[in-house]
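Peer 1: Just so it is clear: in the sequence shown, position 620 is 622 by the numbering used here, and no numbers are missing.
Before I ask anything, here is the structure I am working with.
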Amino acid sequence: MSHITPTGTERLSVSDWEPVPDRLDESTHDALVERLRTAADALTATIDSALPESLQDQVTEWCALHGLDTPATTHTRTIIARQAVLNVLLKTTLYEWYHQHADLPSLPTNTQEALQRAADQTENPAFNEYVLDEIVWFADDANLAPVVDARDWLLESGEPAEAIGRLYADLTSNDDRQILGQFRTPPSVGTLMQAWAAGGDDSVLDPGMGAGVLSSPFHPQWDVSTEPAHVNGIDKSPLSNLMGTTALTLYGQSHDPRTTDFLDLSPADLQRDVDAIICNPPYTSGDSLPAAYKDRINAQIERSIGSEISARSPLHAYFIYHARQFLSAGDRAAFLTPQSLLTTRYGESLKQFLLEVFSIKAFVQFNPAGERIFPDAHTTALITFLEATPENESDGETRFIRVDDSVSVSELRDAVKEGGPGRTDWGFINCVQQTQLDPVKNWEALFTPTDIDTSSFRRLDEFATVHRGVTTGAVDFFCLSQADVDDLELDNKHLSRLIRRPRLVDGYDFRDEDWEELRGSGEDVWLFDPDLIQEIPESIRVFTEQMAGDASGLPDGDYGSAANVLAYLCDGVSNHGLSETTTFEDRPYWYRPRRQDSPQVLIQNASGDGFTFLLNETPARNIHNFDGLYDVTLNETELKALLAYLNSGVAERVVSNYTQTRQGGLEKLGPGALKKLPVIDVTDIDDELTTDLADLFDTLRETTRRDDDCESVINRIDAVLQQTL
């Protein structure tokens with residue numbers, strides 16, 4: 003590995019810098035993207051016809067590393083071609099940078115040979131060849147020429163890391179980047195993290211370096227600024243490492259790039275001690291990681307920290323665990339991750355770890371209902387600011403900082419360092435002693451604390467059983483309208499009534515006439531829910547094999563009244579792709595979703611406008627977008643009193659402590675949170691209060707049906723509840 007120290011001039015202090023816009027303007031960016039795509043399109047056609055067998059294994063490994071489908075698909079070949087031409091742009095840009103600094107001659111006509119010589123002449127490993135180089139030279143020189151001719155365009159960018167990151171994002175679909183949990187770090191966020199974590203002479207570790215936004219120098223006028231700090235940049239992907247080392251070289255940043263899995267890296271592998279870590283790790287979920295890899299890293303990190311880790315942990319959690327061993331007491335780390343670590347079950351073991359070995363200085367939440375940090379991600383961004391401490395010697399205050407409006411980097415950095423509690427011009431700060439933080443609790447609630455004392459409340463699951471709605475595995479197949487049922491001639495004995503989705507219910511209860519109205523309007527109101535039919539195989543694999551072996555498409559047998567059911571199942575396998583649905587393997591028989599009773603209360607599991615606890619007075623069932631209360635141990639009056647509380651303004655504030663916020667302000671309230679939800683004990687309050695609350699719930703639901711204003715009724719419920727609090 004070669005240490006890269008670009009030539010430069012005197013470094014400016016942090017206080018001297020002022021943000022400037024990216025000098026690669028929109029028209030230049032768009033023109034560059036167009037050149038890259040045009041060259042890639044030509045290369046894709048070449049890959050289709052000319053890729054030799056000797057490269058097939060390397061290409062397959064590349065696809066596995068980057069979460070791509072097999073090389074046989076047109077989509078995958080297009081992505082690989084775009085990556086290959088981006089690779090050429092970056093390497094020729096580096097070549098041009100060295101040429102302008104008198105380290106290399108001007109780029110000759112034979113670009114491939116020039117880049118090969120540059121690897122020896124500069125000792126920069128970024129010029130080393132890998133599979134994308136072998137692919138790209140199958141392209142005609144004429145097709146690559148516009149890309150090579152643009153090699154000086156990035157040199158004119160004031161923020162090369164941002165410019166390179168944008169190019170990569172525009173060449174790679176959002177879906178492809180989400181498979182690997184890749185989301186581009188905004189420059190302002192990177193500046194904040196680096197300004198807080200690292201000093202002028204610090205050695206910075208940047209795991210998951212990508213385009214190098216986090217470890218780029220503070221001062222965007224990189225042509226008059228050098229060596230802000232040394233950087234160890236780590237990334238599994240050779241292309242990502244090339245993006246990062248190109249950006250850092252253009253900035254004049256001293257750095258050591260390393261192409262490896264950060265979780266396989268140890269402090270002994272580095273040439274110098276680490277003083278600070280800044281990291282935007284991959285957001286890949288635990289379920290999406292290969293099983294063997296997940297088991298290995300889980301066991302490895304459990305051994306290294308000496309405690310158990312949730313097997314549901316996503317990749318970014320493992321990065322945080324692993325990072326601690328690179329830090330000494332007093333060193334700092336800043337991580338940009340999804341906010342879910344504050345609320346989910348896997349987060350409990352991670353929060354316990356943070357409490358034991360770090361002084362948790364601050365969490366910064368960017369209001370999910372406002373401007374998004376990651377426009378294409380279905381997650382809320384969280385920045386975690388940590389300072390390493392000896393084990394179990396952590397103390398001090400932790401600041402929970404909510405950013406509602408625009409704020410400068412310097413103001414936010416000051417808030418992380420010493421912000422006082424209360425409202426600000428741009429958000430809210432809540433200061434909590436670290437010793438008071440409980441890893442089992444929902445820390446997201448601390449961004450908007452409530453003053454309601456629930457210590458004497460009961461848990462909701464003490465009065466009812468909470469279940470998630472059933473997963474059908476194929477909603478369009480199992481959820482049917484009356485017109486569908488009539489066309490298919492399905493008997494009602496094979497069906498159950500259904501409340502298809504929360505938006506179909508307007509109010510606080512659901513009655514038979516509501517279901518009839520939905521049926522008449524053409525909504526899906528039936529769940530395909532047949533009992534066991536002896537003649538139909540319980541395994542979809544066997545059923546599909548029988549279909550394939552029968553010329554008529556129907557397995558042999560006398561099905562009687564179930565003939566229409568059989569015909570519909572055959573249509574599902576042929577036209578709905580049911581044979582590819584793994585959900586069916588866990589059922590007693592594949593053609594019926596898990597059966598459960600009709601819930602007495604329904605709650606949507608996600609909402610952007612608060613949660614409604616809905617009284618269900620029908621035999622209708624629900625699917626995955628509702629959770630339900632079953633086996634309620636309360637009498638009718640007590641249940642209505644409980645529903646009055648659950649739909650009150652008081653409960654709205656309590657519920658907010660148990661929700662998980664998604665990007666865009668969408669709140670999630672799952673069955674686990676519902677079970678723990680604090681509720682008033684309606685069996686232990688004054689009978690008159692219970693009756694008053696029950697009557698008010700009836701008033702609330704009737705008021706909604708008249709389309710009258712419910713606010714006054716909810717205010718009356720809150721007033722009654724004040725007598726019990």
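In this text, a Cβ means the ideal position worked out from N, Cα and C, and glycines have one as well.
So, is ASP277 buried or exposed, given that buried needs 16 or more other C-beta atoms within 10 angstroms?
Peer 2: buried
Peer 1: Around the C-beta of PRO283, are 16 or more other C-beta atoms found within 10 angstroms, so that it is buried, or is it exposed?
Peer 2: buried
Peer 1: Please determine if the region 474-491 and the region 604-617 are in contact, where contact requires at least 3 C-beta pairs separated by less than 8 Å.
Peer 2: no
Peer 1: So, at 6 Å on beta carbons, what are the nonlocal neighbours of TRP224 in its own chain, with the 5 sequence-adjacent residues on each side left out?
Peer 2: Bear in mind that the predicted position of TRP224 carries a pLDDT of just 39, short of 50, making it too unreliable to give a figure here.
Peer 1: Helix or strand or just coil, what does DSSP make of ALA335?
Peer 2: strand
Peer 1: Bridge partners for ILE279 per DSSP, in chain order?
Peer 2: Per DSSP, the beta-bridge partners of ILE279 are LEU207, ALA335.
Peer 1: Can you tell me whether HIS196 is buried or exposed? The criterion is at least 16 other CB atoms within 10 Å of its CB, across all chains shown.
Peer 2: In the sequence under discussion, the amino acid at residue 196 is Gln, which differs from the His named in the question. Under this definition GLN196 is a buried residue.
Peer 1: So what does DSSP say about HIS103, is it helix, strand or coil?
Peer 2: coil
Peer 1: Taking its Cβ as the centre, do 16 or more other Cβ atoms sit within 10 Å of ASN112, making it buried, or is it exposed?
Peer 2: exposed
Peer 1: Return yes when the Cβ of THR706 is within less than 8 Å of the Cβ of TYR510, no when it is not.
Peer 2: yes
Peer 1: What three-state label does DSSP hand ASP258 in the structure shown?
Peer 2: DSSP, reduced to helix, strand and coil, places ASP258 within a strand of the structure shown.
Peer 1: So, under 8 Å CB-CB, LEU534 and LEU497 are touching, yes? Tell me the CB distance rounded to an integer number of Å.
Peer 2: The beta-carbon separation of LEU534 and LEU497, rounded to 15 Å, does not stay under the 8 Å limit for a contact.
Peer 1: Quick one: give me the first and last residue of the beta strand (DSSP E) that VAL150 is part of.
Peer 2: Here VAL150 belongs to no beta strand (DSSP E); instead the alpha helix (DSSP H) covers 143-151.
Peer 1: Return the first residue and the last residue of the alpha helix (DSSP H) that LEU644 is part of.
Peer 2: Taken as a continuous stretch (DSSP letters only), the alpha helix (DSSP H) holding LEU644 covers 638-648.
Peer 1: Taking 7 Å as the limit between beta carbons, can you name the residues of its chain near LEU676, skipping five residues before and five after?
Peer 2: LEU462, VAL468, ILE605, ASP629
Peer 1: State yes or no: is the C-beta of VAL35 within less than 8 Å of the C-beta of ASP142?
Peer 2: no
Peer 1: Using beta-carbon positions only, say whether ILE2 and LEU265 come within less than 8 Å of one another.
Peer 2: Nothing about residue 2 can be reported from this structure: the residues present for the chain run from 3 to 727 only.
Peer 1: Count the C-beta pairs between the region 152-168 and the region 244-253 that are closer than 8 Å, then say yes if the count reaches three, no if not.
Peer 2: Proximity of the region 152-168 to the region 244-253 meets the contact definition, three or more beta-carbon pairs being nearer than 8 Å.
Peer 1: How far does the beta strand (DSSP E) with ASP478 in it reach, from first residue to last?
Peer 2: Here ASP478 belongs to no beta strand (DSSP E); instead the alpha helix (DSSP H) covers 477-480.
Peer 1: What residue from THR386, ALA564, ALA466 has the CA that sits closest to LEU352's CA?
Peer 2: The shortest C-alpha separation from LEU352 is found at THR386.
Peer 1: What would DSSP say about HIS578, mapped onto helix, strand or coil?
Peer 2: coil
Peer 1: Pop quiz: PHE365 and LEU338 are said to be a contact at Cβ under 8 Å. What is the actual Cβ separation, rounded to whole angstroms?
Peer 2: That pair is no contact at about 11 Å.
Peer 1: If you draw a straight line from the C-alpha of ALA86 to the C-alpha of LEU106, how long is it?
Peer 2: 23 Å
Peer 1: Inspect the beta-carbon positions of PHE321 and LEU207 and report whether they are closer than 8 Å.
Peer 2: no
Peer 1: Less than 8 Å between the beta carbons of GLU98 and ASP154, yes or no?
Peer 2: yes
Peer 1: If you reduce the DSSP assignment to three classes, tell me which class THR286 lands in.
Peer 2: coil
Peer 1: Please list the terminal residues of the continuous alpha helix (DSSP H) segment that includes ASN300.
Peer 2: Boundaries of the alpha helix (DSSP H) around ASN300: 293-307.
Peer 1: Buried or exposed: which applies to HIS318, given that a residue is buried once 16 or more other Cβ atoms fall within 10 Å of its Cβ?
Peer 2: buried
Peer 1: I want to know whether the region 470-481 touches the region 688-698 - three or more CB-CB distances under 8 Å.
Peer 2: no
Peer 1: For SER498, which beta-bridge partners are listed by DSSP?
Peer 2: LEU529
Peer 1: Determine whether the beta carbon atoms of ILE542 and ALA646 lie at a separation below 8 Å.
Peer 2: no
Peer 1: Let me know the secondary structure DSSP gives HIS626 once reduced to three states.
Peer 2: coil
Peer 1: List the DSSP bridge partners of ASN717.
Peer 2: Note: ASN717 sits in no beta bridge, so no partner.
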